[in-house]
Every structure is written in structure tokens, then in C-alpha cells.
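Residue numbers (my numbering): 40 to 428. Glycine included, C-beta positions come from ideal geometry on N, C-alpha and C.
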């Protein structure tokens, strides 16, 4: 009891931490294990994998991929896996450690001949994949492996691969991995930053907040029983420590993002940076329209879409110095008088091109004479024809 009286804050911190750990274990067990954890891991030897596309070399402790065919390289295990439903997780060791959507896992089942299942690998520190939500997982798997995309001559080294069933330790490791998962910047993360996996069963923010509040409650009860006032510095320090813990997680993500950004964009021209970024496909699309299709003099370009799209908002930047208007889903009558071009990025319900009358039609009476100028899966460009007198 003397220790409790001398170090009430330390006691409160430790007790609240133990309670949070117990609650977390209970939540993980209930959520992740509807039945008892059981089973054993299945280690897959590297000799079972072969390079079926591209080239590489085999070492005693690693399989290295360093050559690509058509921009792709594939390593595969043709031995397959019986009763894949017994294994919920796939664990692997691949370097470099920055795994992004260009590196998917693939597999196909004997019962679904010709149907290839694939899923992108989530970037994390513990290198595991939860197959619970994977379509087609279960039963006999005939083949599985990884598809590598060429990127600046990068090579890949696989050193370990295994299938793991549900275990309490695995569930806890996955929770920790979800908290530390590296979140790459994207158009989506402009508005939403999760600071880890988006669908983790235990939120790190909630747990840290609960830990701080529970510590404050225990500390207040101890100090009240000792008839002593609260130490404001210790209370402030506790609140600050919770914030610093979450901020350290954010700084870790920021540090990894800085390294990835430097490797991707450093030393490149603006055009090369666009080519290396997430906008590359649309950048090339708009650049082709701007340089090869549209006249060199500034034109009116009306962008039609059925939604407020990110690339619709980027179009004025990519198509400058042309006069771009992107506020409508359907043409306006004055378009015919001003002339110019109509660019449709996504199909707009009720808006169709009639090749017989060479016009865009919508509604009951909507009609705009046009002729196709450029067709592409990312969008269709029409030239507005002058009105017939």
C-alpha cells in the first residue's frame, strides 16, 4: 500500500494498461474466434515455387526475381494446397518491404477452371494476408503465387512463405500489424487518413483514449481515498503522453511516405512526375487530347459527367490553356452557338450519341450536333458542329 500512496499515477497507469489488455484479448477472441483456435502452420519450401514468367535466380535461402517479360514476372507453386479453408492467413517474407497494389497474390481452384482469383497485398510490417474475405478461398487450390510488375529494374526476394490457421497469437499479431500498417497517399486519403488499416477490429485511437481515461479515473479514486489533491502536472503529462503515442504512429507513417515519395519523384521533371504518379493514365489521356486532337488555339471544352469526379476536377489543369467548363451532366443550348468540344468522362444516364443524326441526345428534346473526335476507355471527345441554317 505504501507504493500505492507514493506512486499513485504509476500504479494507475499499470492497472489501466492491464485492464485494457484483458479487454482487448477478450474482444479479439470473441470477434476472431467463433470456435476454439486450433491447427498448425504449414511452411512451404522455396523449392516448391518456380518462376513461370520473367527471370531470376535461386539461392539456398531465397528466390530472387530480377527480370520481366512484358513488364510482368510471376512466381508460382503448382503443387497447390488441399483444404485451404483450414488456413486463414498467409504469411510471407518479401523484400523490398514496401508492398503496394502492383504486387497481387493470385490463386485458382480445381473446381473453378479458368477463373483466376487475385487480391492486392496490404502494406504492413508483419507481412500477412487475411484470406477470410478472399473470394474463392476454400477447398482445393490448384496453384498460387505472386505477380510482380516491373518498376525501374527493381528486384524481389522471397525468403519465406507459410499458411497459418486461426490462433490467438496470430490474431494479436494481426491487430498490431493493422495499427502499424503503412497507409500510402492516394486520392482517397486527401479526405480520409486512417493511420493504419481501415477495418481493424480494435481502433488504436479508441484504445489509447480508453487507457488515458481509465488511468485518470483510477488516479482520481486513489487520490480521493488518500485525501490528496490531483497533481495537475501529472494529469497534463498523462493527456500529453496519449497524444504523443498517437502522434508517433502518424510520424512513422509520414517517415515511410517521405521515403516512398523520394524514391518515386525525386530528380524528375514535372512530366516525369505525372508519369510516375497515380494520375499517370489520365495524364497521358489528357495530354494526347491536348497535343494531338485539340487545335493549338484555346478552345471551349465542356466536360460532362454524372458525378463530381476527381479527374473531372483535374481536367482544367491538364488541358490548360483551353477554356474548360465542368459543371454539367447534359449539354446546354448555348454550346452550339459557342462551338468547341464536349468531353464525356463517364457514361451519363439518358445521354447518348446518335450516329445517324450525328448528335448527342438527351431528354425529350435535347439535341446537340457533334462528331466524334477521339474515343478512349477513359472518355470520349466530340467536336460541336455548327448549327444548320
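- Between residue 332 and residue 361, the CB-CB gap reaches or exceeds 7 Å.
- When secondary structure is reduced to three states using DSSP, residue 173 falls in the coil class, being assigned neither helix nor strand.
- A direct Cα-Cα distance of roughly 20 Å separates residue 124 from residue 84.
- Across the set 118, 380, 295 and 358, the C-alpha of 380 shows the shortest separation from the C-alpha of residue 407.
- For the pair residue 130 and residue 203, the CB atoms are nearer than the 7 Å cut-off.
- For residue 372, the number of other beta carbons within 10 angstroms of its own is below 16, and it is reported as exposed.
- In this structure the region 290-297 does not lie against the region 87-98, because fewer than three pairs of beta carbons, one per stretch, are closer than 8 Å.
- When the Cα atoms are used, residue 62 and residue 254 turn out to be separated by approximately 15 Å.
- The criterion of a C-beta distance shorter than 7 Å is satisfied by residue 410 and residue 424.
- For residue 224, there is no enclosing alpha helix (DSSP H), since its DSSP letter is neither H nor E.
- Where residue 268 is concerned, there is no enclosing beta strand (DSSP E), because DSSP gives it neither an H nor an E.
- Among the bridge pairs identified by DSSP, residue 419 is matched with 383 and 414.
- At the C-beta level, residue 284 and residue 247 come within 7 Å of one another.
- As summarised for the region 310-375, the continuous alpha helix (DSSP H) elements at least 4 residues long and confined to that stretch are 319-327 and 349-358, given in chain order.
- Rounded to the nearest angstrom, the gap between the Cα atoms of residue 157 and residue 66 is 30 Å.
- Residue state for residue 101 is assigned as strand, using DSSP reduced to three classes.
- Within its own chain, the residues whose Cβ lies closer than 7 Å to the Cβ of residue 312, once the five positions on either side in sequence are excluded, are 304, listed in chain order.
- Take residue 271, set aside five residues on each side of it, and no residue of its chain has a beta-carbon closer than 6 Å to its own.
- Contact check for residue 146 against residue 114 fails: the beta carbons are separated by 7 Å or more.
- The shortest C-alpha to C-alpha distance from residue 336 to any of 358, 344 and 173 is the one to 358.
- Shown here, residue 128 sits in a strand according to DSSP, grouped into three states.
- Residue 290 and residue 151 have their C-alpha atoms spaced approximately 45 Å apart.
- Check the Cα spacing between residue 369 and each of 376, 241, 184 and 387: the tightest is with 387.
- Linking residue 101 to residue 196 through their CA atoms gives a straight-line distance of about 6 Å.
- Remark: C-beta atoms of residue 384 and residue 418 approach each other more closely than 7 Å.
- With respect to residue 178, residue 148 sits close: the two C-beta atoms are nearer than 7 Å.
- For residue 134, the pairing in a beta bridge is given by DSSP as 196.
- Here the alpha carbon of residue 95 sits roughly 5 Å from the alpha carbon of residue 105.
- A direct Cα-to-Cα measurement between residue 176 and residue 251 gives close to 41 Å.
- Under the DSSP assignment, residue 181 falls in the beta strand (DSSP E) whose first and last residues are 180-188.
- Distances from the alpha-carbon of residue 345 to those of 356, 366 and 275 put 366 closest.
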